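Undergrad:
Residue numbers (the numbering used here), protein chains in the order written: chain W, 8 to 86; chain X, 690 to 1272.
Okay, structure coming up:
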């Protein structure tokens, strides 16, 4: 499932999967601007069939946070 | 067709567009809210139609400054089409939340003031730019502090917006290069609860949810298609399981589904939609593998057939392959394959058509006939910027065309046929009645077109005011009826001795009847009256204008470097069987 998440991030940010890790964030990925974060949010919600709250979105600073909130929504990422 | 991709599809696709374009357009987008992603979507949707699209997206909520400042990037960009998309929240500000904080009179004044502001923007923009302007109307709010009483309140929130919309529509109806996009209709169609995503709004002032941007662009593409003259002219239909349910050859006249109960009513519904398009000028034709007699019996005698024989501009009902039939229909109706839409329930036929004739727009028809009508409704390929008299009469004109063809077959030679036609060419000036049609012909005509110069409606209006230009058109009548305005010429007066034929074209509808010689003869006569010594013309070859290739030498023009010229000392022969009148 982690792969699924990384695939989405790679596609939206237009970067290779190898460049993504738990610490990836708008600070480390130049294409991660505010517009792409809306797209990412939209894609994640569609792919994992869930909806994040406005607070969850504001508190998400990096990939590790995304994983944390996916888990809160009962989405288990392997590996 | 009815299935739209998510915005992310367009963002990704835009990175890998092929450089295979036939036309190009410059689009600018101004808005009162965030419309990120709209540029990428336009580029991809244009590329699908082989249009190179260059875009300019105005800065966030800067539309006023962009329009008012002559030096703005908007004007420097020099757009062909400009979309100004405004939203009700931005328009109302805090009144969106508290509309009843001011009284009725103040609400009326507020709307009047906003209307004046927008009118002013339109006036300034159209004065400064040659671009077409498409401005959206306002989404009528469905929420109200008054709840169920809203609809009884005096000039309430909903009434304020609907009044503004009405004023805008009336104002724009009389403007030539400004169009009103029904954003309120768009929101109604997809639903306010879907279009407005509160999270996206609060994070990024996004007022049309990201995944509805592609739907919005789909609608706006109608203006692009119309501006570039790419609208489709003819729908070619299969019969079995397309115009009726079942297979007439197997199920028989009484066994096919076509009537007032499901699923026969789905086909009646579809036929009614087709007839609606036909009555505004879209031709319909048949391309079907069937026994001619079986099919004709249904078309002529079935009580529930909405489309009658007279509605079909052309019929190919036989056992030939559909691609050959399509080519014949194109030749028969005398316009190129790119003007056709092909509708067939059989995916194999569709694949065959798509692979052999990619110019034809093959529609993905859903399996379920109850969805057929919806497919037509959602197509943006029939859009035109003006619907002229010629358009609404077109269906009738094509059934007269069938009678002409029969006379041609029964005549022993072409001269006899032409003499029997009782042809009449009426020359008309460019005025408010003829200019829309002149512009339409200039944008559309490919075959009998000497220079294929494309001018927009606004250009024609300018030319018609210019003393150095003569612009006229020809209405062609014959004993079967009126062909409408089917010829256009533009003459540039180069000097007191020389005229230049800038544009000379004839609709395919009247080709092959020597009308072109009468029309040119008229120009020659006028030139002589003005003491002109020679007329210069150009033939600019394109992939499609072969029919006009030999026209100039045939009329006595001599090659003169890149141009063709004719000296007016010589006699110009015009066909004696065509009467010319001047209006």
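C-beta: ideal position from N, C-alpha, C; glycine also.
Since the model is a prediction, treat every value here as computed from it, not as a measurement.
Are the C-beta of residue 893 of chain X and some C-beta of chain W separated by less than 7 Å?
TA: Sequence index remark: in the second chain, residue 893 of chain X carries index 204 (1-based). Taking Cβ atoms only, chain W reaches closer than 7 Å to residue 893 of chain X, which makes this a yes.
Undergrad: Would you say residue 45 of chain W faces chain X, with C-beta separation under 7 Å as the test?
TA: Here residue 45 of chain W refers to the residue found at position 38 of the first chain. It does; some Cβ of chain X falls within 7 Å.
Undergrad: To the nearest angstrom, how far is it from the Cα of residue 770 of chain X to the Cα of residue 938 of chain X?
TA: Within the second chain, the letter at position 81 stands for residue 770 of chain X. Within the second chain, the letter at position 249 stands for residue 938 of chain X. Computed Cα separation, rounded: 50 Å.
Undergrad: Is it buried or exposed for residue 768 of chain X, if we count other Cβ within 10 angstroms and need 16 for buried?
TA: Looking up residue 768 of chain X in the second chain gives position 79. Classification of residue 768 of chain X: buried, given that the 10 Å Cβ count is 16 or more.
Undergrad: Report yes if the CB atom of residue 1088 of chain X is closer than 7 Å to the CB atom of residue 999 of chain X, and no otherwise.
TA: For the purposes of this step, residue 1088 of chain X is taken as residue 399 along the second chain, with counting starting at 1. For the purposes of this step, residue 999 of chain X is taken as residue 310 along the second chain, with counting starting at 1. Result yes, Cβ atoms of residue 1088 of chain X and residue 999 of chain X sit closer than 7 Å.
Undergrad: Determine, using beta carbons only, whether residue 62 of chain W comes closer than 7 Å to chain X.
TA: What you label residue 62 of chain W is simply residue 55 of the first chain in a count that begins at 1. No, residue 62 of chain W does not count as interfacial toward chain X.
Undergrad: Should residue 792 of chain X be labelled buried (16 or more other beta-carbon atoms within 10 Å of its own) or exposed?
TA: Residue 792 of chain X sits at position 103 when you count from the first residue of the second chain. Exposed: under 16 other Cβ atoms inside 10 Å.
Undergrad: Mind listing, in chain order, the continuous beta strand (DSSP E) runs of no fewer than 3 residues lying wholly within the segment 1047-1127 of chain X?
TA: You should have 1112-1118.
Undergrad: Using 8 Å as the cut-off, can you tell me whether the segment 996-1012 of chain X makes contact with the segment 968-976 of chain X, which would need three or more C-beta pairs spanning the two stretches below that distance?
TA: With a cut-off of 8 Å, the segment 968-976 of chain X and the segment 996-1012 of chain X count as touching, because enough Cβ pairs lie within range.
Undergrad: Looking only at C-alpha atoms, which of X:1112, X:1173 and X:1191 sits nearest to residue 1149 of chain X?
TA: Numbered from its first residue, the second chain carries residue 1149 of chain X at position 460. Among X:1112, X:1173 and X:1191, the Cα nearest to that of residue 1149 of chain X is on X:1191.
Undergrad: I need the straight-line Cα distance from residue 1068 of chain X to residue 797 of chain X, nearest angstrom please.
TA: Taking the first residue of the second chain as 1, we reach residue 1068 of chain X at position 379. Taking the first residue of the second chain as 1, we reach residue 797 of chain X at position 108. Roughly 38 Å separates the two Cα atoms.
Undergrad: May I have the straight-line CA-CA distance separating residue 690 of chain X from residue 1054 of chain X, to the nearest angstrom?
TA: By one-based count along the second chain, residue 690 of chain X stands at place 1. By one-based count along the second chain, residue 1054 of chain X stands at place 365. Low confidence applies here, because residue 690 of chain X scores a pLDDT of 39, under 50, leaving its location unreliable; read the following figure in that light. Cα to Cα, the separation comes out at about 8 Å.
Undergrad: Can you check which of these residues, X:1033, X:801, X:1229 and X:1096, is closest to residue 934 of chain X by C-alpha distance?
TA: The residue given as residue 934 of chain X occupies position 245 in the second chain. For the residues X:1033, X:801, X:1229 and X:1096, the minimum Cα distance to residue 934 of chain X belongs to X:1033.
Undergrad: So, is the C-beta of residue 899 of chain X closer than 7 Å to a C-beta in chain W?
TA: Position 210 of the second chain, counted from the first residue, corresponds to residue 899 of chain X. Cβ-Cβ to chain W under 7 Å: yes for residue 899 of chain X.
Undergrad: Below 6 Å CB to CB, which residues in the same chain sit around residue 700 of chain X once its five sequence neighbours on both sides are set aside?
TA: Stepping through the second chain from its first residue, residue 700 of chain X is reached at position 11. Cβ within range, chain order: 729.
Undergrad: Cα separation between residue 989 of chain X and residue 941 of chain X?
TA: Walking along the second chain from the start, residue 989 of chain X turns up at place 300. Walking along the second chain from the start, residue 941 of chain X turns up at place 252. Straight-line Cα distance between these residues: approximately 14 Å.
Undergrad: Compare the C-beta of residue 54 of chain W against all C-beta atoms of chain X and say whether one is closer than 7 Å.
TA: Taking the first chain and counting its residues from 1, one reaches residue 54 of chain W at position 47. No, residue 54 of chain W lies away from the interface with chain X (no Cβ there is under 7 Å from its Cβ).
Undergrad: Using only the alpha-carbon positions, how far apart do residue 703 of chain X and residue 810 of chain X sit?
TA: Here the question's residue 703 of chain X lines up with position 14 in the second chain. Here the question's residue 810 of chain X lines up with position 121 in the second chain. Approximately 32 Å between the Cα atoms of the pair.
Undergrad: Ignoring anything shorter than 4 residues, give me the alpha helix (DSSP H) runs that lie fully in the segment 962-1022 of chain X, in order along the chain.
TA: Here the runs fully enclosed are 981-990 and 1011-1022.
Undergrad: Can we say the segment 1225-1239 of chain X touches the segment 1129-1143 of chain X, given the rule of at least three CB pairs closer than 8 Å?
TA: These segments touch.
Undergrad: Please name the residue, chosen from X:1110, X:1113, X:1100 and X:1174, that lies closest to residue 1119 of chain X on a Cα-to-Cα basis.
TA: Walking along the second chain from the start, residue 1119 of chain X turns up at place 430. For the residues X:1110, X:1113, X:1100 and X:1174, the minimum Cα distance to residue 1119 of chain X belongs to X:1174.
Undergrad: How would you write the range of the beta strand (DSSP E) that residue 135 of chain W sits in, first residue to last?
TA: Missing from the structure shown is residue 135 of chain W; chain W here goes from 8 to 86 and no further.
Undergrad: Report the partner residues of residue 1138 of chain X according to the DSSP bridge assignment.
TA: By 1-based counting over the second chain, the position of residue 1138 of chain X is 449. DSSP output for residue 1138 of chain X lists X:1194 as bridge partner(s).
Undergrad: How is the alpha helix (DSSP H) around residue 874 of chain X delimited, first residue to last?
TA: Here residue 874 of chain X corresponds to residue number 185 of the second chain, with the count starting at 1. Run containing residue 874 of chain X: 872-879, per the alpha helix (DSSP H) assignment.
Undergrad: Along the chain, which unbroken stretches of the beta strand (DSSP E) at least 3 residues long are found entirely within the segment 797-861 of chain X?
TA: Runs found: 821-825.
Undergrad: On a Cα-Cα basis, can you pick out the residue from X:1111, X:896, X:1221 and X:1065 that is closest to residue 921 of chain X?
TA: Position 232 of the second chain, counted from the first residue, corresponds to residue 921 of chain X. When only C-alpha atoms are compared, the closest one is X:1065.
Undergrad: What residue from X:1038, X:756, X:818 and X:839 has the CA that sits closest to residue 929 of chain X's CA?
TA: Taking the second chain and counting its residues from 1, the one referred to as residue 929 of chain X is at position 240. Ranking the options by Cα distance to residue 929 of chain X, first place goes to X:1038.
Undergrad: Verify the CB distance criterion: does residue 1182 of chain X have a CB-CB separation below 7 Å to chain W?
TA: The residue you call residue 1182 of chain X lines up with position 493 of the second chain. Chain W contact via Cβ: absent.
Undergrad: If we ignore side chains and look at the alpha-carbon of each, how far apart do residue 881 of chain X and residue 1163 of chain X end up?
TA: Numbered from 1 along the second chain, position 192 holds the residue referred to as residue 881 of chain X. Numbered from 1 along the second chain, position 474 holds the residue referred to as residue 1163 of chain X. If I take the Cα positions, the gap works out to 49 Å.
Undergrad: To the nearest angstrom, how far is it from the Cα of residue 1017 of chain X to the Cα of residue 762 of chain X?
TA: Numbered from 1 along the second chain, position 328 holds the residue referred to as residue 1017 of chain X. Numbered from 1 along the second chain, position 73 holds the residue referred to as residue 762 of chain X. Residue 1017 of chain X and residue 762 of chain X: Cα-Cα distance of roughly 49 Å.
Undergrad: From the beta carbon of residue 725 of chain X, is the nearest beta carbon of chain W less than 7 Å away?
TA: Here residue 725 of chain X refers to the residue found at position 36 when the second chain is read from its first residue. Yes, its Cβ sits closer than 7 Å to a Cβ of chain W.
Undergrad: Is residue 747 of chain X closer than 7 Å to residue 724 of chain X when the C-beta atoms are compared?
TA: By 1-based counting over the second chain, the position of residue 724 of chain X is 35. By 1-based counting over the second chain, the position of residue 747 of chain X is 58. The answer is no: Cβ separation not under 7 Å.
Undergrad: Between residue 14 of chain W and chain X, is any beta-carbon pair separated by less than 7 Å?
TA: As a position in the first chain, residue 14 of chain W is number 7, starting the count at 1. Taking Cβ atoms only, chain X never reaches closer than 7 Å to residue 14 of chain W, which makes this a no.
Undergrad: Work out the CA separation of residue 1144 of chain X and residue 1229 of chain X for me, nearest whole Å.
TA: Along the second chain, read from residue 1 onward, the residue named residue 1229 of chain X stands at position 540. Along the second chain, read from residue 1 onward, the residue named residue 1144 of chain X stands at position 455. Each residue's alpha carbon lies about 16 Å from the other.
Undergrad: Secondary structure at residue 1221 of chain X, three-state DSSP: helix, strand or coil?
TA: Taking the second chain and counting its residues from 1, one reaches residue 1221 of chain X at position 532. Coil.
Undergrad: Which value, in whole angstroms, describes the spacing of the CA atoms of residue 750 of chain X and residue 869 of chain X?
TA: By 1-based counting over the second chain, the position of residue 750 of chain X is 61. By 1-based counting over the second chain, the position of residue 869 of chain X is 180. Going from the Cα of residue 750 of chain X to the Cα of residue 869 of chain X covers about 20 Å.
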